[in-house]
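So the structure is just underneath, and the comments pick up after that.
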Amino acid sequence: MYSKGQIVFSKKGRDKGLAFIVYDYDEAYVYLVDGKLRKLEKPKKKKMLHVQPAYIIDEMIKSKLEKGEYILDSDIRKALAKYNGKKQQI
152 MYSKGQIVFS KKGRDKGLAF IVYDYDEAYV YLVDGKLRKL EKPKKKKMLH VQPAYIIDEM
212 IKSKLEKGEY ILDSDIRKAL AKYNGKKQQI
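Counting with the numbering used here, you get residues 152 to 241 for the letters of the sequence shown.
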């Protein structure tokens, strides 16, 4: 299962191999943000089958999302900086 603030990697599509943070989720989809191309105002809707969970959760992002606190795209970019340096092989 997925959690808000969890880091995942895309397995399919143009963004294959890139890291994202789970902004929200429902039964079949996750809504992903990266702070650059996919900002908080318009998260990427992606099927759960098309992402690889990293089992890493950014606790600061998670707590802000769950509490409904204000969060910036720059916060997302900082959290993903160490994962998006280069594309991951999946």
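No residue lacks a Cβ here, since even glycine has one placed at the ideal position from N, Cα and C.
Just so it is clear, the structure is predicted and the values come from calculations on it, not from any experiment.
- Residue 161 is bridged by DSSP to 202.
- With contact defined as three or more Cβ pairs closer than 8 Å, the segment 189 to 209 and the segment 155 to 172 are in contact.
- In this structure, residue 209 lies near residue 230, with their beta-carbon atoms less than 8 Å apart.
- Taking the Cα positions, residue 166 is about 14 Å away from residue 234.
- Distance between residue 223 and residue 211, taken at the CA atoms: about 12 Å.
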